[in-house]
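Following: one structure in C-alpha cells, then a few remarks.
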Amino acid sequence: MLSSFLAVQLSAAAICDWTGLLQFFSLIPSFSCEYVRTCVDRLPRHIIVDLSPSMDMDMDMDMSKQQQQQQEEAGAASNNNKQRAVAAAAHALAVAAVVLVVVWCVHFRGGVALRSVQNKQLIFNLHPVLMVLGPIVLGGEAILSYRSLLLVPRAARKKAHMALHAAGLAAGVLGVYAVFKFHVESGIPNLYSLHSWVGIAAISLYAAQWAAGFLAFFFPGASPPARRRALLPWHAVAGVLVFALAVATAQLGFLEKLTFLQSPPLRLPKYGVEAMLVNFTALVVLLLGVAVVLATLNITTDGTTRSSYSAIV
Numbered sequence: 018m019l020s021s022f023l024a025v026q027l028s029a030a031a032i033c034d035w036t037g038l039l040q041f042f043s044l045i046p047s048f049s050c051e052y053v054r055t056c057v058d059r060l061p062r063h064i065i066v067d068l069s070p071s072m073d074m075d076m077d078m079d080m081s082k083q084q085q086q087q088q089e090e091a092g093a094a095s096n097n098n099k100q101r102a103v104a105a106a107a108h109a110l111a112v113a114a115v116v117l118v119v120v121w122c123v124h125f126r127g128g129v130a131l132r133s134v135q136n137k138q139l140i141f142n143l144h145p146v147l148m149v150l151g152p153i154v155l156g157g158e159a160i161l162s163y164r165s166l167l168l169v170p171r172a173a174r175k176k177a178h179m180a181l182h183a184a185g186l187a188a189g190v191l192g193v194y195a196v197f198k199f200h201v202e203s204g205i206p207n208l209y210s211l212h213s214w215v216g217i218a219a220i221s222l223y224a225a226q227w228a229a230g231f232l233a234f235f236f237p238g239a240s241p242p243a244r245r246r247a248l249l250p251w252h253a254v255a256g257v258l259v260f261a262l263a264v265a266t267a268q269l270g271f272l273e274k275l276t277f278l279q280s281p282p283l284r285l286p287k288y289g290v291e292a293m294l295v296n297f298t299a300l301v302v303l304l305l306g307v308a309v310v311l312a313t314l315n316i317t318t319d320g321t322t323r324s325s326y327s328a329i330v
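All residue numbers in the sequence shown are consecutive under the numbering used here, ending with 330.
Structure (C-alpha cells):
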C-alpha cells in the first residue's frame, strides 16, 4: 500500500513538473522575441538597415536612385543655365567683334570697296571685315543655333543652322577673293605667309564641312537615320575644330597686318589708338571662340561631354 501511494505521489509530482516545464518552454519564444527586439533597438542605425528584410532594402535602393536622378536632373538644369549664359555672352562678343573690325577698317583704314583705282587698300579692307563676319561670327551663330533657339521647332533650327553656315561660307569666300584681288592689282605675291596657308586650309575645310553636313543631314533621302546617327559625333567635332581653326587664322591675320602697319614706311605707333584697337579686336575674337566652344559642349555629371548638335538627327 505504501509503495502504491508513493508511486502515485511521484507520478503526480512528475506530471506537475512536466506541466511546469511545458509552460516554461512555451514562454521562451516570447522572451526571445522581446530580447531580440531590445537588442536590435540598441544596434547602430546602419546595422539595423543591414538586418532589414530585402523588401526594405529594395525600397531604400529605389529611393536612392530617385534621389540620384533628381540630383542629376538638377545638375543638368544648372549646367544648361550656365551654358545659356555663356551663349548670351558669345552673342554679345559677336556683335562687339563686328563693330570693332568695321570701325577699324572704315574709320582708321579709310573704308571698304570691291573695286578701287586710287586706293587699293580699300579692297584689302574687305578681307578682315568679311572673314570676321563670315566663318567666325555667322559660323559661331550657326553652331549656337541649337543652343539658343530652344523655342523654335527642330526643323527650323536645322534650317537656320545650315543657312547661317552657308552665309558664313559665302562671306568667307568673298573675303578670300578680295585679298587675292588686292594682291594681284598691287603686285604682291599670294600665299607666302603662314596666315595665308592656314587661311586657305580653314576655308577649304569649312566648305567641305558644310557640303558633308548638307548631304548627310539636310538633303532629302541622302543618308538613312542609322548613318546620320553614326556621322553626328564626327560632324560635331569637325565643326568645332574648323571654327577653332578660323579663330586661330584671324589671330594670325591681325598680328600680320598690325606688324605691316608698324613697319616702314607707315610706322604706326606701337601704343597708338589704332594699334590698341587691333589688339583689342583680336582679343574679342579669341574670347568669342572660347565662348562658342564652351556653350556648345555639355559637361555631364559623370564627367563626359555631349554636344548640342544632338538635335540635328
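Glycine is no exception: its CB is placed at the ideal position from the N, C-alpha and C atoms. The structure presented is a predicted model; accordingly, all values stated were derived computationally and were not measured.
Residue i and residue j closer than 8 Å at C-beta
{"i": "residue 294", "j": "residue 125", "result": "yes"}
{"i": "residue 191", "j": "residue 248", "result": "no"}
{"i": "residue 117", "j": "residue 128", "result": "no"}
{"i": "residue 227", "j": "residue 161", "result": "no"}
{"i": "residue 137", "j": "residue 203", "result": "yes"}
{"i": "residue 169", "j": "residue 114", "result": "no"}
Assigned exposure category for residue i - 16 Cβ within 10 Å defines buried
{"i": "residue 282", "result": "exposed"}
{"i": "residue 288", "result": "exposed"}
{"i": "residue 164", "result": "buried"}
{"i": "residue 49", "result": "Legend: pLDDT at residue 49 = 49, less than 50; position of this residue unreliable, value from coordinates given subsequently. Per the 10 Å Cβ criterion, exposed."}
{"i": "residue 145", "result": "buried"}
{"i": "residue 195", "result": "buried"}
{"i": "residue 262", "result": "buried"}
{"i": "residue 171", "result": "exposed"}
{"i": "residue 100", "result": "buried"}
{"i": "residue 270", "result": "buried"}
{"i": "residue 103", "result": "buried"}
{"i": "residue 199", "result": "buried"}
{"i": "residue 312", "result": "buried"}
Residues near residue i by beta carbon distance below 8 Å, same chain, minus five either side
{"i": "residue 157", "result": "107, 111, 260, 305, 306 and 309"}
{"i": "residue 303", "result": "264 and 268"}
{"i": "residue 299", "result": "267, 268, 271 and 272"}
{"i": "residue 274", "result": "145 and 295"}
{"i": "residue 292", "result": "275, 278, 279, 285 and 286"}
Euclidean distance between Cα positions of residue i and residue j
{"i": "residue 208", "j": "residue 280", "result": "20 Å"}
{"i": "residue 151", "j": "residue 189", "result": "5 Å"}
{"i": "residue 119", "j": "residue 255", "result": "29 Å"}
{"i": "residue 272", "j": "residue 211", "result": "11 Å"}
{"i": "residue 67", "j": "residue 240", "result": "At residue 67, the pLDDT of 40 sits below 50, so the modelled position is not reliable; the number obtained from the coordinates is stated separately. The alpha-carbon atoms of residue 67 and residue 240 are separated by roughly 55 Å."}
{"i": "residue 177", "j": "residue 236", "result": "14 Å"}
{"i": "residue 193", "j": "residue 167", "result": "34 Å"}
{"i": "residue 253", "j": "residue 290", "result": "39 Å"}
{"i": "residue 175", "j": "residue 286", "result": "47 Å"}
{"i": "residue 131", "j": "residue 197", "result": "11 Å"}
{"i": "residue 109", "j": "residue 222", "result": "27 Å"}
{"i": "residue 314", "j": "residue 245", "result": "20 Å"}
{"i": "residue 205", "j": "residue 296", "result": "25 Å"}
{"i": "residue 243", "j": "residue 201", "result": "48 Å"}
{"i": "residue 224", "j": "residue 149", "result": "16 Å"}
{"i": "residue 97", "j": "residue 238", "result": "33 Å"}
Same chain only: Cβ atoms within 6 Å of residue i, ignoring 5 sequence neighbours per side
{"i": "residue 142", "result": "122, 126 and 129"}
{"i": "residue 278", "result": "285"}
Report yes or no: do three or more beta-carbon pairs, one from the stretch 209–219 and one from the stretch 266–275, lie closer than 8 Å? yes
Using 8 Å as the Cβ pair cut-off and three pairs as the minimum, do the stretch 174–184 and the stretch 230–239 touch? yes
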